[in-house]
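In this note's numbering, the protein residues as written are -10 to 504. C-beta: ideal position from N, C-alpha, C; glycine also.
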Amino acid sequence: MRDSAALGKGSPCCPAFSGEAVVSGGPEPGEKGLMYPETPKLLQGVKPVPGSVEAETPSGSAPGAPPEVRLSLRRWPVVLLFSCYSLCNAFQWIQYGSINNIFVHFYGVSTFAIDWLSMCYMLTYIPLLFPVAWLLDKRGLRLIALAGSAFNCLGAWVKLGSMKPHLFPVTVLGQVICSVAQVFILGMPSRIASIWFGSHEVSTACSIAVFGNQLGIAVGFVLPPVLVPNLEDTEQLAYHISIMFFITAAVATVLFILVIIVFREKPPFPPSRAQALIQLKPPEEYSYVQSIVRLLRNTNFVLLIVAYGLNTGCFYALSTLLNRMVIQNYPGEEVNAGRIGLTIVVSGMAGALLSGIWLDKTKTYKQTTLAVYIMSLGGLVAYTFTLSLGHLWVVFVTAGMLGFFMTGYLPLGFEFAAELTYPESEGTSSGLLNVSAQVFGIIFTVAQGKIIDHFGTQAGNLFLCSFLLLGTFITVFIKADLRRQQANLDGEQTKALEEVPGDNIAPVVLDESKL
């Protein structure tokens, strides 16, 4: 179902509905007559159960009958568990960058080499997106969740073998394995939200799923400077680094075991009418390649890809280079650099959660996305001109304002994409958003790093400001074509028609000879 107008002519996900009148029953033999059209068969039976919360039991509906709409109690453990192992993976992404100078000293490599330990997450994602997105569509959520948590666990244990200065290649290998895990994680939030959550809570659920990734980045900013102090003694430094790596590996292992036990493919009943319609589509009609082609022909979605990539790419660059920027302006303040990163991400988590709740209440996707984008630009401008003032408390305030809007934008992008591209797979649409973010993240991180080295931190941040301004203008031209909301509204209207008194009265038969 692409939009309400498409219902009258059929749609790729609703092959059973051609727009013609559906006649059930009919005149008795020998009679000539017509019947008034009834509700389309595709939407009959797609009804919520009062209370919308169930004990998980198999559906007793007849084969081929439209499924009932119910919410599963398991949805909360699923999204929270995903959020936790996403947290662990995000922590491993930033754990090197948050104490960049310490790892430079320990391994005896350049700052650029340590920067690449963060950027390898972005680089690995680009070629692996499409195979993983194909797996997500063909094999479902559970396999992808198991693979993501398994790679995350394996990479954490490999890093424990790099506790000597000459073993830098081993830590690179462990980080690359973790970066593969990220490919199985980043495209999941909107997919989990759509498959497990109802239409009135889907944006909040997506925010909670993204919340874990942001919390992991926050912990990655604040914990490494505490666990790994800046020491000259290499042996002592190796001991502290090994403690950090061992804690990470232990947590990743527990989460992998929990995923095996808790995670399920999907709930026994669809949670929304939009999801019920998708589940009625015959599997053989879906083509992954055609889905990508349709997405790339969707002008509004292509504009969102670029705007999302610019905003998130700026966030990736700021996160990777934050330690360098703070140390350059406030020497010896590694711990406070981590706390500034924590402030950015924690405030962003609050922004993400509030924006999800706001979207569920108002459905104002375009207006909210544009407002958050404008405020992200304002926050980065404020941060740029206060970083070098010499007052750390001012930096904390402006960093918090920047984080609230910039990282709060992440779930907005996922949910806006799901609306613009329904009924296409959320895994594919969010994957394309993330590819854009990784590409811009690599470009911005390398370019800003060079600008900082030659011209200082203010010039580097102004470089990012110019691209956020461009992203703001692009967002203005995105039309709010909310297809998923339209599908849910169509279902609500059909339900209202079905509940009109007199539904069970026998059909009215008209004699054609009297017309």
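Beta-carbon spacing of residue i, residue j below 8 Å
i	j	result
ASN423	GLY176	yes
THR464	LEU359	yes
GLY205	CYS77	yes
PRO589	VAL58	Lying outside -10 to 504, the shown extent of the chain, residue 589 is not represented and no answer is given.
SER308	GLY86	yes
GLN279	CYS167	no
ALA198	SER72	yes
LEU409	LEU299	no
ASN325	VAL334	no
PHE101	GLY438	yes
VAL384	LEU376	yes
VAL240	ILE91	no
PHE290	ALA406	yes
PRO142	THR223	The displayed chain sequence assigns Cys, not Pro, to residue 142. No, the pair does not count as a contact, with Cβ atoms beyond the cut-off.
PHE252	ALA139	no
LYS350	ALA469	no
ASP104	THR461	no
PHE200	LEU342	yes
Span separating the alpha-carbon of residue i from that of residue j
i	j	result
GLU110	VAL169	Note on identity: in this sequence residue 110 is Tyr, with Glu being the wrong assignment. In a straight line, the C-alpha of TYR110 is about 7 Å away from that of VAL169.
TYR305	ILE467	24 Å
THR357	LEU348	8 Å
LEU226	PRO213	12 Å
SER231	GLN474	49 Å
VAL161	LEU106	7 Å
PHE119	THR113	12 Å
MET395	LEU60	32 Å
PHE157	ARG472	49 Å
VAL428	ILE329	25 Å
PHE209	LEU244	With the sequence shown as reference, residue 209 is identified as Gly, and Phe is not the correct amino acid for it. So the two alpha carbons sit approximately 17 Å from each other.
SER99	ARG313	13 Å
ASN318	LEU293	35 Å
PHE444	LEU247	48 Å
SER75	ALA436	28 Å
ALA79	GLN203	7 Å
ARG283	LEU117	20 Å
GLN84	ILE432	21 Å
GLY97	ILE441	21 Å
LEU70	GLY402	22 Å
Supposed close pair residue i, residue j - CB separation, criterion 8 Å
i	j	result
VAL370	ALA194	That pair is no contact at about 33 Å.
VAL182	VAL172	The amino acid occupying residue 182 in the given sequence is Ala; Val does not appear at that position. The Cβ separation is near 19 Å, so there is no contact.
PRO154	PHE95	6 Å
VAL295	SER425	7 Å
GLY392	GLY327	With a Cβ gap of about 14 Å, GLY392 and GLY327 do not count as contacting.
THR332	GLY389	5 Å
LEU381	GLU254	Their Cβ separation, rounded to whole angstroms, is 49 Å, which puts LEU381 and GLU254 out of contact at 8 Å.
GLY416	ARG64	Incorrect: roughly 18 Å between the Cβ atoms, too far for contact.
Option in the options with minimal Cα separation from residue i
i	options	result
LYS127	SER414, LEU378, THR434 and ALA341	SER414
GLY340	PRO178, LEU376, VAL361 and ARG63	VAL361
TYR297	TRP65, ASN312 and GLY430	GLY430
HIS229	MET152, PHE456, LEU70 and LEU376	MET152
ILE88	SER179, LEU310, ARG63 and LYS350	LEU310
ILE281	VAL383, HIS94, ALA122 and GLY445	ALA122
TRP185	ASP222, ALA265, THR387 and GLU224	ALA265
PRO320	TYR398, ASN219 and THR351	ASN219
GLY368	CYS303, ASN202, ILE103 and ALA476	CYS303
ALA476	LEU421, ILE83, ASP104 and ARG262	ARG262
VAL93	ILE432, LEU284, THR353 and GLU221	GLU221
HIS189	GLY420, GLU404, LEU421 and ASP442	GLU404
LEU285	LEU421, ILE249 and ILE250	LEU421
Own chain, CB closer than 7 Å to residue i, minus 5 neighbours either side, in chain order
i	result
THR373	GLN447, ASN450, LEU451 and CYS454
GLY345	SER192, THR193, CYS195, SER196 and PRO400
LEU132	LEU124
TYR398	ASN300, VAL361, TYR362 and SER365
ILE115	VAL424, GLN427 and VAL428
LEU459	LEU299
Interface flag, residue i vs chain D, CB-CB below 8 Å
i	result
ILE440	No chain D appears in the structure shown, which is made up of a single protein chain.
Close-in-space but distant-in-sequence residues of the same chain around residue i (CB under 8 Å, 5 per side omitted)
i	result
GLY19	At GLY19, the pLDDT of 41 sits below 50, so the modelled position is not reliable; the number obtained from the coordinates is stated separately. Excluding sequence neighbours, GLY19 sits near nothing in its chain.
ALA51	In this prediction, ALA51 scores a pLDDT of 49, lower than 50, which makes its location untrustworthy; the coordinate-derived value is nonetheless stated afterwards. Nothing listed; no residue qualifies.
GLU322	VAL315, ILE316 and LEU381
VAL165	CYS109, THR113 and GLY144
ASP(-8)	Any answer about ASP(-8) is weak, because its pLDDT of 42 lies below 50 and its placement is not dependable; what the coordinates show is given next. For ASP(-8), where only same-chain residues beyond five positions count, the Cβ hits under 8 Å are ASP470, ARG472 and GLN475.
Cβ shell of residue i (< 6 Å), same chain only, five flanking positions each side left out
i	result
VAL159	GLY150 and SER151
PHE234	LYS148 and LEU149
THR237	ALA145
GLY163	GLY144, VAL147 and LYS148
ILE250	none
ILE174	SER75, ASN78 and GLY137
heavy atom of the ligand ADP below 7 Å from residue i C-beta
i	result
CYS195	By its list of ligands, the structure shown contains no ligand whatsoever, and the ligand ADP lies outside what it can speak to.
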